[in-house]
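Chain order of the listed sequences is X, G, H and W.
Note that this note's numbering has the first sequence beginning at 1, numbered continuously upward.
Note that this note's numbering has the second sequence beginning at 1001, numbered continuously upward.
Note that this note's numbering has the third sequence beginning at 2001, numbered continuously upward.
Note that this note's numbering has the fourth sequence beginning at 3001, numbered continuously upward.
Glycine residues also receive a C-beta, built at the ideal position from the N, C-alpha and C atoms.
Beneath this line is the structure, given in structure tokens, with notes to follow.
Number of protein chains: 4
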Amino acid sequence: MADLEAKPPLSPSSTLEKQFEDFRHHLEESESLRERIRAVAREIESVTRLIYSCLLLVHQSRPIPEVLEKVKAQISKLKELFHRLAGILRECPGQYYRYHGDWRSETQTVVSLLGFMHWLETGNLLMHTQVEERLGLKTSEFGLDIEDYLIGICFMSNELPRYVVNQVTAGDYDCPRKVLKFLTDLHAAFRMLNLRNDLLRKKFDGMKYDLRRVEEVYYDVKIRGLTANGDSTRDLGIQGQS
Amino acid sequence: MADLEAKPPLSPSSTLEKQFEDFRHHLEESESLRERIRAVAREIESVTRLIYSCLLLVHQSRPIPEVLEKVKAQISKLKELFHRLAGILRECPGQYYRYHGDWRSETQTVVSLLGFMHWLETGNLLMHTQVEERLGLKTSEFGLDIEDYLIGICFMSNELPRYVVNQVTAGDYDCPRKVLKFLTDLHAAFRMLNLRNDLLRKKFDGMKYDLRRVEEVYYDVKIRGLTANGDSTRDLGIQGQS
Amino acid sequence: MADLEAKPPLSPSSTLEKQFEDFRHHLEESESLRERIRAVAREIESVTRLIYSCLLLVHQSRPIPEVLEKVKAQISKLKELFHRLAGILRECPGQYYRYHGDWRSETQTVVSLLGFMHWLETGNLLMHTQVEERLGLKTSEFGLDIEDYLIGICFMSNELPRYVVNQVTAGDYDCPRKVLKFLTDLHAAFRMLNLRNDLLRKKFDGMKYDLRRVEEVYYDVKIRGLTANGDSTRDLGIQGQS
Amino acid sequence: MADLEAKPPLSPSSTLEKQFEDFRHHLEESESLRERIRAVAREIESVTRLIYSCLLLVHQSRPIPEVLEKVKAQISKLKELFHRLAGILRECPGQYYRYHGDWRSETQTVVSLLGFMHWLETGNLLMHTQVEERLGLKTSEFGLDIEDYLIGICFMSNELPRYVVNQVTAGDYDCPRKVLKFLTDLHAAFRMLNLRNDLLRKKFDGMKYDLRRVEEVYYDVKIRGLTANGDSTRDLGIQGQS
């Protein structure tokens, strides 16, 4: 290492400073971007909290159309917030997944709520493309990550057993059958996926408990003969519940 | 439940199946991409293990040029592997950070080894752009993440106290002074950065222990007068400190 | 430290190298064997996932013969995979239990599925020798470990409460009685075993919850007089359920 | 439930009982075998505790030949115990690895102690075949598992830093150099192995701390010039220590 002395480390030292000065800017920009993303994510979270509060009223058997009416005003707020998010991400092309962790959990909640609303309204699963539509997202520039969609749907599933219990309590004895059919199909569809041992897999594994709980409620209703009359006539989609 | 069969929610049901069929393809493609990335990462890991084995010989006072000569043959292998990695990532534009976790720890090790080699050879810090050059990376398409570079440099710093101890043991009493100067500058440069509470911050916090250990060795050497002669002539850089 | 080079502990040093060179080969062979075992185990896992998806249809009251027909095509695949596994293990005689951990959990799942199918078909427990037969195993060379068989049977038991609930829901009020008889006998048989405090013991402890749940369903059915008429005539094996 | 008695699924039921009766015998035999293995393992453990107590005296600078003399009487006990172990395992051919967990940790300790003794006596590494020789094992029937040997050697390495410190305290300033040479070679040999992420890998990772600690002690001795005189004359192997 004797030759170390001979070399004039003057220039290396200033190169070093220059490099770290660049890094400082880079990290600060990145941090400020993250801050802006987090700020929007917090606003999204705040809107989803509001939506969830409203939606909870369905457990108290409030008429679904009334509940959904209230909630729908919030959807445009969500749309606007995702528009802002997409705008921020447009500033750093190719870095969607770099900051993904900063908004994904909020997005999953959004999916679960939109999915639950859609199911209440139609009895069907809200599709991935439909979520993007509602949030004004374009896959090509700022899309909805598929795993986020799937995790959101699992969260939605977690809400269903409670809904079924409360509907039966309120006298809607046909609800368990319909939810069971929906959850069974959804569960079967998920089973087609070859999931890694990650969060999504864990959330999906939880779905089977929702399924079983709904089966148990359906069992309770059936064994008491509560669904005996009218099974054939009531069968007109889930709107009949409210 | 016989009526379940009779009910024709056929169109939603088949849309559902279609969607999950698409997801299955998507997840499988993503998984296979990840597998290919992991395979290359494992090869990188295997080359770095080889390089590290060679580099360890400097702790036994083997001549640096001899050690580096052996190692350099491996660098072209690394270059080729990163070329393959870049090729795989090119297939999925904008998803660098989606799979980043699958190669980043191996890349940090590569940085630490290249950095150590460069320091052994020149006494200077290997710059970010120099690492990219050596690995044949282009920032525009598949660059070296700055945090990976910085963490790799922290790992390199961890190697220095041991090197200093072994050099002094072998009679090189001037080594601590040089390493101390290098580490002090590096530590000061890092301090300019405003680090978040993450892995990089933790690794950087560890650097101060390297610095202290080298200071202690320098102290041991100085207090025993082992650097006494020649100090005045050799002192062309670090003078301010001692 | 220059004298280290000069010293000639050549012979011990080269013996050392030779030994570790042998170890390297040994560990690499062992690792490659393990890789091959894991690859087959993953294929087994993939087939069991398919089988399980099919079997789940019995919870929706699909006719048992139809469900089993679909599944049986997969059994020959399993047989072929276990044949491959046995072939790999034949390469390293006496090391069945060395690699046992690499396929045992998949094998337990296979036992649980075969057991469930057999029970659906006959109402009886699938014996250890019958599992070996179906999988083409020979105890003398690559047999089914008894604890794996027993744990698999415990997993099968976990499926029964759900089955009973869904059968009752579908109007098969005689199912609980039959399942209860089966589970009671099975539980009593397990109780004869002196189990250590290990996984098998834990899984067996869980079986009592299955038993209790089935007892409760049987109670629900009895207390409502749902099994009152025709008990004597319906008693023709489990096929009569659907 | 009276009709349960009337039902005659007698033949399946008695087959069931027969099978579980067989299992009971099987599990009891296996348990009793395990008990006998554990009993021998406990005796081995007790002898190793005795040996270790004796060996600890080398940290107090007792003459090595005296210490080893005391210990050697115990080796024949170990040999006898391993003979008994081999005898028990001979009763159940092909099940070495089934019960391996019941004696492996004790065996690793035996390796570490024999290895330490051998190193104290000769300065060299005790080979795998030498351990088998000393314990009267034959690879063909009841050999020493290679990973157990390697883990035992790692444990031995953990003892060396303490030994070096105490030897230097007692005035043997040449000890660090010899131990460092030994550990460096051993560490390099281990690095040739491609270790999985398991216990052995973890133990090996610990060896580098032993190496560094010995380097530090060597550094302390060198920097004080304590090894200055006589380096050339003392260099006659490790026997010169005592």
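Take residue i and list the residues in its own chain whose beta-carbon comes closer than 7 Å to its own, dropping the five residues that flank it on each side.
i: L2057(H); result: V2067
i: L78(X); result: I44, V47, V110, L135
i: V164(X); result: C175, P176, V179, V214, V217
i: L3113(W); result: T3048, I3051, Y3052, L3055
i: L2183(H); result: S2157, L2160, D2210, L2211, V2214
i: V2221(H); result: V2168, Y2173, P2176, T2227
i: T2139(H); result: E2132
When you compare each of the options to residue i by their alpha carbons, which one comes out closest?
i: P1161(G); options: D1022(G), P1093(G), S1013(G), V1217(G); result: V1217(G)
i: L186(X); options: L199(X), N158(X), I75(X); result: N158(X)
i: M3117(W); options: R3224(W), S3032(W), I3153(W); result: I3153(W)
i: E3050(W); options: F3020(W), E3132(W), K3070(W), N3194(W); result: A small correction: the amino acid at residue 3050(W) is Leu; Glu does not occupy that position in the sequence shown. Out of F3020(W), E3132(W), K3070(W), N3194(W), K3070(W) has the C-alpha closest to the C-alpha of L3050(W).
i: G3101(W); options: R3034(W), Y3173(W), Q3074(W); result: R3034(W)
i: S61(X); options: D172(X), H128(X), V221(X), D205(X); result: D172(X)
i: S2013(H); options: T3139(W), A3073(W), P3012(W), A3189(W); result: A3189(W)
i: D2210(H); options: D2198(H), L2226(H), K2181(H), T2227(H); result: K2181(H)
i: Q2019(H); options: T3227(W), E3106(W), E3021(W), Q3130(W); result: Q3130(W)
i: Q3108(W); options: K3208(W), D3145(W), L3016(W); result: D3145(W)
Cβ of residue i less than 8 Å from any chain B Cβ?
i: T184(X); result: In the displayed structure, chain B is absent; the protein chains listed are X, G, H and W.
For residue i, which residues of its own chain have a beta-carbon under 6 Å away from its beta-carbon, when the five flanking residues on both sides are left out?
i: R1213(G); result: P1161
i: L1200(G); result: E1147, L1150, I1151
i: N166(X); result: H59
i: S2030(H); result: none
i: K143(X); result: According to the sequence displayed, residue 143(X) carries Gly and not Lys. For G143(X), where only same-chain residues beyond five positions count, the Cβ hits under 6 Å are L137.
i: K2072(H); result: none
Whole angstroms is fine: what's the gap from residue i's alpha carbon to residue j's?
i: L2135(H); j: A2086(H); result: 11 Å
i: P3063(W); j: T3122(W); result: 14 Å
i: C92(X); j: R84(X); result: 14 Å
i: L89(X); j: Q95(X); result: 7 Å
i: A3039(W); j: S3076(W); result: 18 Å
i: E1132(G); j: P1065(G); result: 23 Å
i: R3042(W); j: Y2099(H); result: 26 Å
i: L1195(G); j: L1137(G); result: 25 Å
i: L2125(H); j: Y2052(H); result: 18 Å
i: L3027(W); j: H2128(H); result: 14 Å
i: A2(X); j: W103(X); result: Residue placement at A2(X) cannot be trusted, given a pLDDT of 42 that sits under 50; the coordinates are not used to answer.
i: E2017(H); j: S32(X); result: 55 Å
i: T2015(H); j: L3120(W); result: 18 Å
i: F204(X); j: K2208(H); result: 26 Å
i: D3022(W); j: N2197(H); result: 20 Å
i: Q1074(G); j: K3202(W); result: 26 Å
i: S1105(G); j: S105(X); result: 25 Å
i: E141(X); j: E2141(H); result: 59 Å
Please say whether residue j and residue i have beta carbons closer to each other than 8 Å?
i: G2945(W); j: M3156(W); result: Coverage of chain W is limited to positions 3001 through 3242, which leaves residue 2945(W) absent and any answer about it impossible.
i: R2224(H); j: I223(X); result: yes
i: R1024(G); j: L193(X); result: yes
i: Y3097(W); j: T1169(G); result: no
Report whether the distance from the Cβ of residue i to the nearest heavy atom of the ligand PLP is below 7 Å.
i: T2107(H); result: In terms of ligand content, the structure shown is empty, and the ligand PLP therefore cannot be addressed.
Can you list, in chain order, the residues of its chain whose CB lies under 8 Å from that of residue i, leaving out five sequence neighbours each side?
i: L2081(H); result: V2040, E2043, I2044, V2047
Next item on the list: Pull out every residue of the stretch 192 to 223 of chain X whose Cβ sits closer than 7 Å to any Cβ of chain H, in chain order.
Entry: R212, E215, E216, Y218, Y219, K222, I223
Notebook entry, point to check: When Cβ atoms are compared, which residues of the stretch 1008 to 1035 of chain G fall closer than 8 Å to chain X?
Noted result: P1009, P1012, S1013, T1015, L1016, E1017, Q1019, F1020, E1021, F1023, R1024, H1026, L1027, E1028, E1031
Next item on the list: Please name the residues in the stretch 1155 to 1172 of chain G whose beta-carbon is closer than 7 Å to at least one beta-carbon of chain W, in chain order.
Entry: R1162, V1165, N1166, V1168, T1169
Check: Got a sec: which bits of the stretch 125 to 136 of chain X sit with their beta carbon under 9 Å from any beta carbon on chain G, in order along the chain?
Finding: L125, M127, H128, T129
Item checked: Against chain G: residues of the stretch 85 to 97 of chain X by CB proximity under 8 Å -> When CB distances to chain G are screened at a threshold of 8 Å, the residues of the stretch 85 to 97 of chain X falling below it are P93, G94, Q95, Y96, Y97, in chain order.
Next item on the list: Anything in the stretch 2044 to 2074 of chain H with a Cβ closer than 7 Å to a Cβ of chain X? List those residues in chain order, please.
Entry: S2053, Q2060
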